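Positions 1 to 52 (the working numbering) are the ones given, in order, by the sequence shown.
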Amino acid sequence: MKIIDVNAYLLKVPYPDGQRFSAAWEAASTKEFTFTLVEVETDEGITGYSGM
Numbered sequence: 001m002k003i004i005d006v007n008a009y010l011l012k013v014p015y016p017d018g019q020r021f022s023a024a025w026e027a028a029s030t031k032e033f034t035f036t037l038v039e040v041e042t043d044e045g046i047t048g049y050s051g052m
């Protein structure tokens, strides 16, 4: 089995009702949750996903 394609998607999901979130490692609060979704495809037709 070999990897034939890799795609990364930046996704931003707004928090409900205009809520904000402050992480200890960030200087400012945010209105949305941001993450990366990675898609990996193999030569055998298997596709896998992972969030980062």
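Beta carbons are placed, not taken as given, at the ideal position from N, Cα and C, and that holds for glycine. Owing to the predicted nature of the structure, the values given are computational and were not obtained by experimental measurement.
Do you know whose CA, among the options, lies nearest residue i's CA?
{"i": "Lys31", "options": "Val38, Pro16, Trp25 and Ala24", "result": "Pro16"}
{"i": "Val38", "options": "Pro14, Ala8 and Ile46", "result": "Ala8"}
{"i": "Met52", "options": "Leu10, Val40, Ala24 and Thr36", "result": "Thr36"}
{"i": "Asp5", "options": "Val40, Phe21, Phe33 and Trp25", "result": "Val40"}
Is DSSP giving residue i helix, strand or coil here?
{"i": "Gly51", "result": "strand"}
{"i": "Asp5", "result": "strand"}
Looking only at its chain, what residues have a beta carbon closer than 8 Å to the beta carbon of residue i, apart from the 5 residues adjacent to it on each side?
{"i": "Gly18", "result": "Lys31"}
Got a sec? Which residues, its chain only, sit under 6 Å from residue i by beta carbon, not counting five neighbours each side?
{"i": "Lys12", "result": "Glu32 and Thr34"}
By Cβ distance below 7 Å, which residues in the same chain neighbour residue i in space, the five residues on each side in sequence not counted?
{"i": "Phe21", "result": "Tyr15, Ser29 and Thr30"}
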